[in-house]
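I have placed the structure first, in the form of structure tokens, so that the comments after it can refer back to it.
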Amino acid sequence: MSGVRVLVGTRKGAFILTSDGKRDQWQVTGPHFPGFELYHVKGSPVNPDRIYASQSSGWFGQLMQRSDDGGLTWNTVGNDFTYDGVPGTHQWYDGTPHPWEFKRVWHIEPSLTDADVVYAGVEDAGLFRSADGGATWSELSGLRKHGSGPRWAPGAGGLCLHTIILDPSNAQRMYVAISAAGTFRTDDGGETWSAINRGLRSEFLPEPTAEVGHCVHKIAMHPSRPGTLFMQKHWDVMRSNDGGDNWHEISGNLPTDFGFAIDVHAHEPETLYVLPITSDAHHFVPDGKLRVYRSRSGGNEWEALSNGLPQENCYVNVLRDAMAVDTLDECGVYFGTTGGQVYVSPDGGDHWSAIVRDLPAVLSVEVQTLP
Amino acid sequence: MRPPSVRVVLPSLLRDLAGVPGELALQVARPVSQRTVIDAIEATYPMLRGTLRDPATGKRRALVRFYACEQDLSYHDADTPLPDAVSLGTEPYLVVGAIAGG
Numbered sequence: 001m002s003g004v005r006v007l008v009g010t011r012k013g014a015f016i017l018t019s020d021g022k023r024d025q026w027q028v029t030g031p032h033f034p035g036f037e038l039y040h041v042k043g044s045p046v047n048p049d050r051i052y053a054s055q056s057s058g059w060f061g062q063l064m065q066r067s068d069d070g071g072l073t074w075n076t077v078g079n080d081f082t083y084d085g086v087p088g089t090h091q092w093y094d095g096t097p098h099p100w101e102f103k104r105v106w107h108i109e110p111s112l113t114d115a116d117v118v119y120a121g122v123e124d125a126g127l128f129r130s131a132d133g134g135a136t137w138s139e140l141s142g143l144r145k146h147g148s149g150p151r152w153a154p155g156a157g158g159l160c161l162h163t164i165i166l167d168p169s170n171a172q173r174m175y176v177a178i179s180a181a182g183t184f185r186t187d188d189g190g191e192t193w194s195a196i197n198r199g200l201r202s203e204f205l206p207e208p209t210a211e212v213g214h215c216v217h218k219i220a221m222h223p224s225r226p227g228t229l230f231m232q233k234h235w236d237v238m239r240s241n242d243g244g245d246n247w248h249e250i251s252g253n254l255p256t257d258f259g260f261a262i263d264v265h266a267h268e269p270e271t272l273y274v275l276p277i278t279s280d281a282h283h284f285v286p287d288g289k290l291r292v293y294r295s296r297s298g299g300n301e302w303e304a305l306s307n308g309l310p311q312e313n314c315y316v317n318v319l320r321d322a323m324a325v326d327t328l329d330e331c332g333v334y335f336g337t338t339g340g341q342v343y344v345s346p347d348g349g350d351h352w353s354a355i356v357r358d359l360p361a362v363l364s365v366e367v368q369t370l371p
Numbered sequence: 001m002r003p004p005s006v007r008v009v010l011p012s013l014l015r016d017l018a019g020v021p022g023e024l025a026l027q028v029a030r031p032v033s034q035r036t037v038i039d040a041i042e043a044t045y046p047m048l049r050g051t052l053r054d055p056a057t058g059k060r061r062a063l064v065r066f067y068a069c070e071q072d073l074s075y076h077d078a079d080t081p082l083p084d085a086v087s088l089g090t091e092p093y094l095v096v097g098a099i100a101g102g
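Given below as structure tokens:
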């Protein structure tokens with residue numbers, strides 16, 4: 001029977017949760033790298049035993065780890081993320097120019113076709129690529145040099161490139177999202193980039209429909225429909241049917257359209273999941289109730305999923321990289337909370353249970369479906 | 001004759017990362033300075049590269065301090081020779097994570 005391996009990054013280490021296809025009995029290993037922040041841990045789709053991890057510390061900086069045996073052992077790989085050329089300035093919180101400075105790796109995206117190729121999204125926002133399994137990194141600086149860089153500004157978490165989506169049908173196309181700059185697309189493998197934010201509206205901007213400056217929290221795509229994108233923005237859940245050229249709102253009947261995480265069912269490209277958060281002032285779920293919302297119509301009509309989730313006195317957050325789906329026949333959905341719980345639904349969201357309840361605050365959740 | 005080893009004490013997180021239970025004992029190029037000590041740390045324990053100083057700028061990380069012989073050497077020039085007691089191995093070179101975060 002096939003199984004799953006859930007890779008969990010937390011504020012104080014990484015954990016690996018494994019189960020067979022039933023997903024009701026779990027083995028837990030960790031903490032790996034105890035005491036460090038693990039912003040993201042993700043495996044290669046080409047070689048699932050190759051896993052990359054972003055390990056950082058306010059004291060000791062950024063480290064990158066790689067496992068070639070499914071997380072049993074790890075080796076430190078390259079951590080030199082030097083921007084290409086003179087990086088210049090972006091906007092600071094008060095609108096003044098601020099020098100670009102590398103802080104940490106937020107997101108790792110292994111190639112769909114080559115286990116040695118991997119992308120890293122970093123703070124201050126930039127996109128790096130390694131072609132040697134993480135030993136060395138080079139910036140794809142066409143993104144930062146798009147021309148709008150001096151107008152990018154940090155969100156509350158920093159000026160971070162947190163989403164990287166590789167188009168499975170076109171090796172030259174990829175998407176990235178940056179808080180708070182917006183969404184960008186390349187059609188030439190990362191050499192040149194276009195801002196694709198038409199249709200987004202952000203009231204905190206002097207010009208709410210500006211080309212850049214939007215606080216996009218996360219983008220999701222179903223691999224069978226690479227031209228269709230779904231977005232959880234700071235406020236608003238959005239959809240594009242044309243590769244990001246135009247966006248329209250699909251928040252519909254959500255109790256709040258603020259949130260971080262968004263994902264798509266593995267086998268139903270019009271089934272979406274979001275986890276509404278009260279507001280940007282109250283980074284916890286509404287009404288003390290932990291509820292995932294599912295749309296089976298590509299947005300606008302949403303149903304609350306709460307079976308097995310706490311429905312009183314719950315005040316956790318779910319961060320942007322902390323939701324994932326597996327690809328088993330009955331799609332599993334997973335998310336982790338800032339309260340240290342990791343939940344699984346083995347039936348597409350109808351029933352939930354906690355795999356673990358008392359980890360450090362969860363930063364990221366990824367799932368590998370194993371043969 | 002081989003010069004005496006330089007003793008280095010790391011914070012616990014970095015000891016764990018390097019897989020060493022206690023003090024390091026390093027052969028360090030002479031004259032012994034903070035730069036040559038950190039060069040030796042990174043050469044012997046490559047998993048620690050960039051943890052004490054920024055790999056791009058070479059500057060000490062803001063929340064890392066360097067002490068020896070009851071002196072704070074954090075702001076000393078990296079190429080200034082360390083006290084003889086450090087180069088002779090009678091006193092350790094201390095890498096300290098600043099108390100921060102409550």
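In the order they appear, the protein sequences are chains A and B. Going by this note's numbering, the first sequence runs without a break in its numbering and finishes at 371. Going by this note's numbering, the second sequence runs without a break in its numbering and finishes at 102. Idealized CB from N, CA, C, for every residue including glycine. Given the structure is predicted, the values throughout are model-derived calculations rather than measurements.
What number of angstroms, rounded off, separates the C-alpha of P11 of chain B from the C-alpha of Y45 of chain B?
Roughly 14 Å between the two C-alpha positions.
Distance cutoff 9 Å, beta carbons only. Does A68 of chain A sit that close to anything in chain B?
In the sequence under discussion, the amino acid at residue 68 of chain A is Asp, which differs from the Ala named in the question. It does not: the Cβ of D68 of chain A has no partner Cβ on chain B nearer than 9 Å.
Between G71 of chain A and the rest of its own chain, which residues show a CB-CB distance below 6 Å, the 5 nearest in sequence each way excluded?
Once the five neighbours on either side are set aside, the close Cβ partners of G71 of chain A are I16, I51.
Under 9 Å between C-beta atoms, does P21 of chain B make it to chain A?
It does not; no Cβ of chain A falls within 9 Å.
Just checking, does the stretch 54 to 68 of chain A make contact with the stretch 49 to 59 of chain B on the three C-beta pairs under 8 Å criterion?
Yes, since at least three Cβ pairs between the stretch 54 to 68 of chain A and the stretch 49 to 59 of chain B fall closer than 8 Å, the two stretches touch.
Go through its chain and collect everything with a Cβ distance to L370 of chain A's Cβ below 7 Å, but skip five positions before and after it.
The residues are S2, G3, V4, R5, P48.
Give a yes or no on whether the minimum CB-CB distance between S141 of chain A and chain B is below 9 Å.
Closer than 9 Å: no.
Roughly how many angstroms lie between the CA atoms of D84 of chain A and A56 of chain B, to the nearest whole one?
Computed Cα separation, rounded: 12 Å.
Any idea if H217 of chain A is buried or exposed, counting beta-carbon neighbours within 10 angstroms, 16 or more meaning buried?
Under this definition H217 of chain A is a buried residue.
List the DSSP bridge partners of Q25 of chain A.
Paired residues: none, contrary to the question.
Is the stretch 302 to 319 of chain A in contact with the stretch 225 to 232 of chain A, if contact means three or more CB pairs nearer than 8 Å?
Output reads no: the stretch 225 to 232 of chain A does not touch the stretch 302 to 319 of chain A.
Can you tell me whether DSSP reads M1 of chain B as helix, strand or coil?
In the structure shown, M1 of chain B sits in coil (DSSP, three-state: anything other than H, G, I, E or B).
Helix, strand or coil: how does DSSP classify I164 of chain A here?
Here I164 of chain A sits in strand by DSSP.
Quick one: complete beta strand (DSSP E) runs, 3+ long, within the stretch 285 to 341 of chain A?
Listed in chain order, the complete beta strand (DSSP E) runs (minimum 3 residues) inside the stretch 285 to 341 of chain A are 292 to 295, 303 to 305, 323 to 325, 333 to 336.
Which residues of chain A have a Cβ atom closer than 9 Å to the Cβ of A111 of chain B, listed in chain order?
Given that chain B is displayed from residue 1 to residue 102, the structure contains no residue 111 of chain B and the question cannot be resolved.
Quick check on DSSP: helix, strand or coil for R198 of chain A?
DSSP places R198 of chain A in coil when its eight states are reduced to three.
How about L24 of chain B: is its C-beta nearer than 9 Å to some C-beta of chain A?
Output row for L24 of chain B: interface = no.
Under 8 Å Cβ to Cβ from T136 of chain A, same chain only, skipping five residues before and after it: list those, please.
Excluding residues within five positions, the ones whose Cβ falls inside 8 Å are G78, D80, S130.
For V8 of chain A, which option in A:K22, A:P34, A:G189 has the closest C-alpha, if you only look at C-alpha atoms?
Among A:K22, A:P34, A:G189, the Cα nearest to that of V8 of chain A belongs to A:P34.
List the whole-angstrom C-beta distance separating Q232 of chain A from V274 of chain A, where the pair is believed to meet the contact cut-off of C-beta under 8 Å.
Indeed, because the Cβ distance is near 6 Å, the residues count as touching under 8 Å.
Any C-beta of chain B sitting closer than 9 Å to the C-beta of S130 of chain A?
Cβ-Cβ to chain B under 9 Å: no for S130 of chain A.
Please list, in chain order, the chain A residues whose beta carbon lies closer than 9 Å to that of L10 of chain B.
The contacting residues do not exist; L10 of chain B stays about 10 Å from chain A at best.
Does chain A have any CB closer than 9 Å to the CB of R7 of chain B?
So, not an interface residue.
Report the three-state DSSP secondary structure of P99 of chain A (helix, strand or coil).
In this structure, P99 of chain A counts as strand in the three-state DSSP scheme.
Can you confirm whether W106 of chain A, when its beta carbon is compared against all beta carbons of chain B, has any partner nearer than 9 Å?
False, the Cβ-Cβ gap to chain B never drops below 9 Å.
Express the C-alpha separation of L17 of chain B and P81 of chain B in angstroms, rounding to a whole number.
Answer to the nearest angstrom: the Cα atoms are 28 Å apart.
Looking only at its chain, what residues have a beta carbon closer than 7 Å to the beta carbon of V28 of chain A, apart from the 5 residues adjacent to it on each side?
Contacts found: F15, L17, V356.
Under three-state DSSP, which class holds T80 of chain B?
Correct three-state label for T80 of chain B: coil.
Got a sec: which bits of the stretch 63 to 74 of chain B sit with their beta carbon under 9 Å from any beta carbon on chain E, in order along the chain?
Absence of chain E from the displayed structure is noted, the protein chains being A and B.
Nearest-angstrom Cα distance between R144 of chain A and G21 of chain A?
Their backbone Cα atoms lie some 42 Å apart in a straight line.
Quick check on A266 of chain A: buried or exposed, where buried means 16 or more other Cβ atoms within 10 Å of its Cβ?
Burial call: buried.
On the premise that D263 of chain A lies in contact with M323 of chain A, defined as a C-beta separation below 8 Å, what is that separation, rounded to the nearest angstrom?
That pair is a contact at about 5 Å.
According to DSSP, which residues form a beta bridge with H146 of chain A?
In the DSSP output, where bridge partners are listed per residue, H146 of chain A has none listed.
Spell out whether any CB of chain B is found under 9 Å from the CB atom of W247 of chain A.
It does not: the Cβ of W247 of chain A has no partner Cβ on chain B nearer than 9 Å.
Between which two residues does the beta strand (DSSP E) carrying R239 of chain A extend?
Element bounds for R239 of chain A: 237 to 240.
Confirm, please, whether the CB-CB distance from E37 of chain A to L319 of chain A is below 9 Å.
No, the Cβ-Cβ distance between L319 of chain A and E37 of chain A is not below 9 Å.
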